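Chemist: Got a structure for you, questions after.
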Amino acid sequence: SFFQVLAAPCVPIAAHRSSWRVLLSPDGRRSSIMKGYSKKPADEAKSAKAKGSHLRVHYKNTRESAKTLMGMPLKKAIHFLQDVQAKKQCVPFRRHSGGIGRKAQAKAHGFTQGRWPQRAAEFLLGLLKNAESNAELKSLDVDLMKITHIQVNRAPHMRRRTYRAHGRINAYMSSPCHVELIVSEQAETTKKADDSTAIATRK
2 SFFQVLAAPC
12 VPIAAHRSSW
22 RVLLSPDGRR
32 SSIMKGYSKK
42 PADEAKSAKA
52 KGSHLRVHYK
62 NTRESAKTLM
72 GMPLKKAIHF
82 LQDVQAKKQC
92 VPFRRHSGGI
102 GRKAQAKAHG
112 FTQGRWPQRA
122 AEFLLGLLKN
132 AESNAELKSL
142 DVDLMKITHI
152 QVNRAPHMRR
162 RTYRAHGRIN
172 AYMSSPCHVE
182 LIVSEQAETT
192 KKADDSTAIA
202 TRK
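Listed below in structure tokens is the structure:
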């Protein structure tokens, strides 16, 4: 019956999300607070982390920019974001591509649609420099660091209002996001010697 449903024990929401906590804000509304990272690095001693929560930057632009950075060396990723700010390279839009114009620079990534998201590049650049500082603090070689994990999650909408004709009011909400990234030191690789230039040795 209705009263039996009310008496049923409630399952904590946090049990379903291992990396999230659902708390009540002072005004009684639910708010999600990120804790920890969704992924652990393979070698904690040779990795550095950085993250930002409830960032006032568009989720879709940040997600597309982060997707492009995945797997890049740290120095190359910083240089890429600086080029995006200068409009020398563009960010290809793979998933959220509705209404996105075509750019010639997107062909470098194998796509046709792209943009130069300035604010997303600024926030990601700050996180990369934060991770770089954390790596230097652990005495890691910054030139060998590579982005092994980067993730963008939606944050709760921030509400505003806009005034319409005939006395109406519409929602005017922003779409902030959470960003986390891990950079790891990669083993330095050496190129194999060419057989034609190799020196013959006696057995």
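Under the working numbering, residues 2 to 204 are what the sequence shown spells out, in order.
Built from N, CA and C at the ideal position, the CB exists for glycine as well.
If you're wondering where the values come from, they're calculated on a predicted model, not measured in any experiment.
1) The alpha helix (DSSP H) that contains SER134, what's its start and end?
2) So GLY102 and GLN114 are in contact, right, with Cβ under 8 Å, and what is the actual spacing, rounded?
3) How would you call GLY53, buried or exposed, if buried means at least 16 neighbouring beta carbons within 10 angstroms?
4) What residues are listed by DSSP as bridge partners for HIS150?
5) Just how far apart, CA to CA, sit VAL184 and LEU56?
6) By DSSP, does TYR60 sit in helix, in strand, or in coil?
7) Taking all protein chains shown into account, decide if TYR164 is buried (16 or more other Cβ within 10 angstroms of its Cβ) or exposed.
8) Considering only the alpha carbon of each residue, which of GLU181, LYS36, VAL58, LYS40 lies closest to MET174?
9) Quick check: what's the CA-CA separation for GLN187 versus LYS89?
10) Runs of 4 residues minimum, wholly inside the region 74 to 104: which ones carry the alpha helix (DSSP H) assignment?
11) Let me make sure I understand the geometry here. Which of ALA105, GLY37, ALA46 has the alpha-carbon closest to that of LYS139?
12) According to DSSP, what are the bridge partners of ARG116?
13) Give the DSSP bridge partners of SER176, in chain order.
14) If you draw a straight line from the alpha carbon of ASP142 to that of MET73, how long is it in whole angstroms?
15) Output the distance between the C-alpha atoms of THR190 and ASP144, rounded to the nearest integer angstrom.
16) Count the other C-beta atoms from every protein chain shown that fall within 10 angstroms of the C-beta of MET71, then say buried if there are 16 or more, exposed otherwise.
Modeler: Looking at the coordinates:
1) 119 to 138
2) 7 Å
3) buried
4) ILE183
5) 20 Å
6) helix
7) exposed
8) VAL58
9) 28 Å
10) 75 to 86
11) ALA46
12) VAL92
13) Paired residue(s): none; SER176 is not in a bridge.
14) 15 Å
15) 13 Å
16) exposed
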